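Worksheet for the structure shown next.
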Amino acid sequence: MPLNIVLIEPEIPNNTGNIGRLSLASGSTLHLVKPFGFELTNTRLKRAGLDYWKHIDVIIYESIDDFFKQNEFKKMAFLSSHGKVNHWNIPFEDDLFLIFGKESVGLPKTLIEKNQELLYKIPLYNENIRSLNIANAVGIVIYEGLRQLSYPSKTLLYIALLYNQMY
Numbered sequence: 713m714p715l716n717i718v719l720i721e722p723e724i725p726n727n728t729g730n731i732g733r734l735s736l737a738s739g740s741t742l743h744l745v746k747p748f749g750f751e752l753t754n755t756r757l758k759r760a761g762l763d764y765w766k767h768i769d770v771i772i773y774e775s776i777d778d779f780f781k782q783n784e785f786k787k788m789a790f791l792s793s794h795g796k797v798n799h800w801n802i803p804f805e806d807d808l809f810l811i812f813g814k815e816s817v818g819l820p821k822t823l824i825e826k827n828q829e830l831l832y833k834i835p836l837y838n839e840n841i842r843s844l845n846i847a848n849a850v851g852i853v854i855y856e857g858l859r860q861l862s863y864p865s866k867t868l869l870y871i872a873l874l875y876n877q878m879y
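Counting from 713, one number per residue, gives the positions in the sequence shown under this note's numbering.
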């Protein structure tokens, strides 16, 4: 999988459903960290994810501590409106974990304080807005990562090489 989407304590089922659909479309793995603000059987979650939910690669963790214990040596980038560096400066690489906080408050302050050098933001060009909807934010960051990793180009190059080897 090229990238990992991590939602820390998601609260709104529609957002999580949309992000699940996005994870499938982008070839990413979705990591959900409890507690959730909804049940995974929620109809709004399923409706937002449509009939794709059964195809989504989802890993569920019982807590933040559980997530970090299981992924201790993974490369990570944390997304927050408190970041100082723009998201297009993330050093994207295969299997990178992109960490997003919950809708109401974002990432826990302890994670922000502990990961300042790995903290990124999506620039906002109007002082009247504090943040973007999380589903929109995830989409912006994931597709910037795929663009930088040149996934469509690599796939086409691979197909061209196979074709040339066959003929």
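Think of the CB as a built atom: it goes at the ideal place given N, C-alpha and C, for glycine as much as any other residue. In this text the structure is predicted, and so the values were computed from the model without any measurement.
Residue from the options with nearest C-alpha to residue i
i	options	result
D777	P714, P820, R842 and A847	P820
F779	H794, S793, E721 and E825	E721
N801	Q782, D807, E829 and K781	E829
Contact check, residue i vs residue j, beta carbons under 8 Å
i	j	result
F812	M788	no
I846	E815	yes
Y832	G857	no
D817	I717	Sequence check: residue 817 is Val here, not Asp. No.
S793	R842	yes
L719	I768	no
V770	G739	no
L715	I852	no
L823	F790	yes
Identified DSSP bridge partners for residue i
i	result
T741	N716
Next item on the list: Could you tell me whether the stretch 820-838 touches the stretch 743-750, using the rule of 3 or more Cβ pairs below 8 Å?
Entry: Counting C-beta pairs closer than 8 Å gives fewer than three between the stretch 820-838 and the stretch 743-750, which falls short of the contact rule.
Item checked: In chain order, each beta strand (DSSP E) run of at least 3 residues that lies wholly inside the stretch 770-854 -> Runs found: 770-773, 788-791, 808-812 and 831-833.
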